[in-house]
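What follows is a short report on a single structure.
Here's what the structure looks like:
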């Protein structure tokens with residue numbers, strides 16, 4: 017979640033320590049003189065979909081479709097396979113701005129649309145569900161698995177992101193009960209030295225009216241190096257996670273498919289492009305390879321001999337719809353890459369409820385404080401915008417009218433801040449991935465809390481921490497200028513030049529290094545620095 021972030025800068029005020037300072041662009045720090053001179057520091061930038069923000073974002077429903085949906089016009093297939101992958105933690109798009117693509121809720125809408133046509137549908141995922149590790153990543157992974165099971169996914173390929181969650185944890189999450197269990201696949205991966213554990217499985221076979229579809233997954237040696245180090249044979253023999261040659265593993269699986277009379281063969285490949293192409297050449301009996309190689313989705317399959325190579329996109333924005341027609345000799349497979357847009361699909365009540373449960377689990381597990389704190393690189397302490405406003409009253413008054421001042425409030429739909437409907441009634445005030453851009457004292461890209469940074473009052477360790485929610489709510493001055501304690505000490509010792517140097521930020525720094533940490537392409541796609549800055553800039557010191 018990245019609503020505010022551009023607190024670029026109510027702290028602005030702190031930079032203006034002398035009434036004689038004139039606001040104009042400063043050179044970057046390496047070029048700056050030791051004595052005070054002309055300075056320009058950006059202030060808080062409005063957030064798309066927030067009060068006082070420029071009218072940049074349409075609602076999701078008015079988002080122009082990328083292309084008309086084609087699959088509803090197909091003849092009825094024997095079976096539909098929906099292929100997804102490389103979600104990278106995006107259970108939903110960030111709710112801070114409109115016009116965003118993707119999200120599990122719209123994916124559910126896609127499945128509902130297919131079901132409404134009377135077609136049988138199953139899901140497969142090439143892997144890459146998570147982006148991080150740790151307690152929050154595990155809770156989100158579990159929530160995503162529940163969503164995939166709800167949608168009748170039958171296969172999840174294990175990639176580096178899954179393996180970083182560790183074999184013991186993955187073993188605990190591999191549930192194979194029910195008519196359509198979600199199987200973790202990795203034909204050349206072994207946990208704890210035993211294939212008998214049932215995780216990961218080498219393949220899964222799905223049958224529809226006698227028609228059998230086999231799905232398998234391998235990880236190449238190149239990708240293996242991202243998560244499994246080179247080991248001696250002795251070390252590998254006792255490792256929790258073991259990797260073997262993917263070609264040999266595939267050869268074994270293809271023989272098992274043959275013995276099981278599998279009609280259609282799908283490989284989920286955690287491999288580089290070159291390795292995937294070699295797999296297609298080595299195993300022409302494959303019908304489809306779904307690639308996890310970090311590329312955008314393909315609008316149509318690429319043929320490598322008789323094998324169809326598909327990429328289904330990243331971050332949950334698109335999904336591949338595969339229609340199987342075994343009785344059609346001229347067109348046995350149809351394919352469409354579907355953009356998961358609000359123009360096509362409504363939100364899913366079930367997925368919204370899963371998100372609500374996930375947020376409740378974050379609160380109950382106190383994830384906000386689970387990883388502790390780290391020292392801010394400056395070594396200074398946070399003081400809060402109200403302290404900055406004691407000297408910089410004009411800047412403070414301007415900042416108070418910006419959306420950044422109310423960023424924490426926007427995480428609670430009960431406050432009905434502009435764009436609150438995108439929260440679907442789900443509170444987000446205990447989610448580090450949201451807090452990091454909506455409060456002060458967090459690192460917004462790694463979701464790490466700095467020592468003395470915002471913490472929810474409910475989780476405060478002592479009386480001093482209980483003040484931090486009130487003191488550091490919203491996206492304040494210090495998110496861009498750094499903690500202000502040392503600046504204040506320098507002012508009180510009459511070292512004005514050093515005080516200014518301590519906190520100064522140029523427009524170039526703000527645009528290139530600061531604002532984009534929250535206003536990135538995924539979370540703030542309409543962000544334009546120059547336009548937003550004009551909405552919030554403020555000058556001077558009183």
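Residue numbers (our numbering): 17 to 558. C-beta atoms are modelled at their ideal positions from N, C-alpha and C, and glycine is treated no differently. Predicted, not measured: the structure shown is a model, and the values here were computed from it.
1) My output table needs one value for residue 559: the three-state DSSP class, helix, strand or coil.
2) Taking just the CA atoms, how far does residue 552 sit from residue 414?
3) Give me the Cα-Cα distance between residue 323 and residue 242, rounded to the nearest whole angstrom.
4) Throw me the rounded Cβ distance for the residue 98 and residue 308 pair, which I believe falls under 8 Å.
5) When the Cα atoms are used, what is the spatial distance from residue 501 to residue 385?
6) Between the segment 506-514 and the segment 473-489, are three or more C-beta pairs nearer than 8 Å?
7) Span of the beta strand (DSSP E) holding residue 184?
8) Can you tell me whether residue 75 is buried or exposed? The criterion is at least 16 other CB atoms within 10 Å of its CB, across all chains shown.
9) What does the Cβ neighbour count give for residue 546, buried or exposed, with the cut at 16 atoms within 10 Å?
10) Within 10 angstroms of its Cβ, does residue 333 collect 16 or more other Cβ (buried), or is it exposed?
11) Of all the options 388, 446, 131 and 146, which has the alpha carbon lying nearest to the alpha carbon of residue 377?
12) Can you give, in chain order, each stretch of the beta strand (DSSP E) that sits fully within the segment 259-312 and has at least 3 residues?
13) Going straight from the alpha carbon of residue 279 to that of residue 454, what length do you get?
14) Helix, strand or coil for residue 532 per DSSP?
15) Quick one: what's got a C-beta closer than 7 Å to residue 368's C-beta in the same chain, skipping five residues either side?
16) Just list the residues that DSSP pairs residue 352 with in beta bridges.
17) Quick one: what's got a C-beta closer than 6 Å to residue 282's C-beta in the same chain, skipping five residues either side?
18) As a quick exercise: from 406, 523 and 127, pick the residue whose alpha carbon is nearest that of residue 88.
19) I need the straight-line Cα distance from residue 550 to residue 532, nearest angstrom please.
20) Pick from 247, 343 and 527: whose alpha carbon is nearest that of residue 256?
21) Starting from residue 548, trace the alpha helix (DSSP H) in both directions and tell me its first and last residue.
22) At the level of alpha carbons, what is the spacing between residue 365 and residue 390?
23) If you measure between the beta carbons of residue 328 and residue 306, is that distance less than 8 Å?
24) Could you say if the segment 167-183 and the segment 412-432 meet the contact criterion of at least three C-beta pairs nearer than 8 Å?
25) Go through its chain and collect everything with a Cβ distance to residue 116's Cβ below 6 Å, but skip five positions before and after it.
26) Measure the CB-CB distance between residue 136 and residue 258 and report whether it falls below 8 Å.
In terms of the structure at hand:
1) This structure leaves residue 559 out entirely; the chain is present only between 17 and 558.
2) In the chain shown, residue 414 corresponds to position 398, counting from 1. In the chain shown, residue 552 corresponds to position 536, counting from 1. The alpha-carbon atoms of residue 414 and residue 552 are separated by roughly 7 Å.
3) Within the chain shown, the letter at position 307 stands for residue 323. Within the chain shown, the letter at position 226 stands for residue 242. Cα-Cα distance, rounded: 27 Å.
4) Here the question's residue 98 lines up with position 82 in the chain shown. Here the question's residue 308 lines up with position 292 in the chain shown. Their Cβ separation, rounded to whole angstroms, is 16 Å, which puts residue 98 and residue 308 out of contact at 8 Å.
5) As a position in the chain shown, residue 501 is number 485, starting the count at 1. As a position in the chain shown, residue 385 is number 369, starting the count at 1. Spanning the two alpha carbons is a distance of roughly 23 Å.
6) no
7) In the chain shown, counting from the first residue as 1, residue 184 sits at position 168. Counting along the chain, residue 184 falls outside any beta strand (DSSP E), though it belongs to the alpha helix (DSSP H) covering 183-189.
8) Counted from its first residue, the chain shown places residue 75 at position 59. Legend: pLDDT at residue 75 = 36, less than 50; position of this residue unreliable, no value from coordinates given.
9) Here residue 546 is taken as the residue at index 530 of the chain shown, counted from 1. By the 10 Å Cβ count, residue 546 comes out exposed.
10) Here residue 333 corresponds to residue number 317 of the chain shown, with the count starting at 1. The residue in question, residue 333, is buried, as its Cβ has 16 or more Cβ neighbours within 10 Å.
11) By one-based count along the chain shown, residue 377 stands at place 361. Residue 446 is the option with its Cα nearest to residue 377.
12) 280-286 and 304-307
13) The residue labelled residue 279 in the question sits at position 263 within the chain shown. The residue labelled residue 454 in the question sits at position 438 within the chain shown. Approximately 52 Å, taken between the alpha carbons.
14) Along the chain shown, one-based indexing puts residue 532 at 516. Here residue 532 sits in helix by DSSP.
15) Taking the first residue of the chain shown as 1, we reach residue 368 at position 352. Only 121, 440 and 442 meet the Cβ criterion.
16) The residue labelled residue 352 in the question sits at position 336 within the chain shown. Residue 352 is bridged to 337.
17) Translated into positions along the chain shown, residue 282 becomes position 266. The answer, listed in chain order, is 231 and 304.
18) Here residue 88 refers to the residue found at position 72 of the chain shown. Considering only alpha carbons, the answer is 127.
19) Sequence index remark: in the chain shown, residue 550 carries index 534 (1-based). Sequence index remark: in the chain shown, residue 532 carries index 516 (1-based). Residue 550 and residue 532 have their alpha carbons spaced roughly 17 Å apart.
20) Position 240 of the chain shown holds residue 256. For residue 256, the nearest C-alpha among the options comes from 247.
21) Within the chain shown, numbered from 1, the residue matching residue 548 stands at position 532. Segment 545-552, the alpha helix (DSSP H) holding residue 548.
22) In the chain shown, residue 365 corresponds to position 349, counting from 1. In the chain shown, residue 390 corresponds to position 374, counting from 1. Whole-angstrom Cα-Cα distance: 38 Å.
23) Against the chain shown, residue 328 aligns to sequence position 312. Against the chain shown, residue 306 aligns to sequence position 290. Result yes, Cβ atoms of residue 328 and residue 306 sit closer than 8 Å.
24) no
25) Taking the chain shown and counting its residues from 1, the one referred to as residue 116 is at position 100. Around residue 116: 109.
26) Locating residue 136 in the chain shown gives position 120, counting from the first residue. Locating residue 258 in the chain shown gives position 242, counting from the first residue. Not a contact, by the Cβ cut-off of 8 Å.
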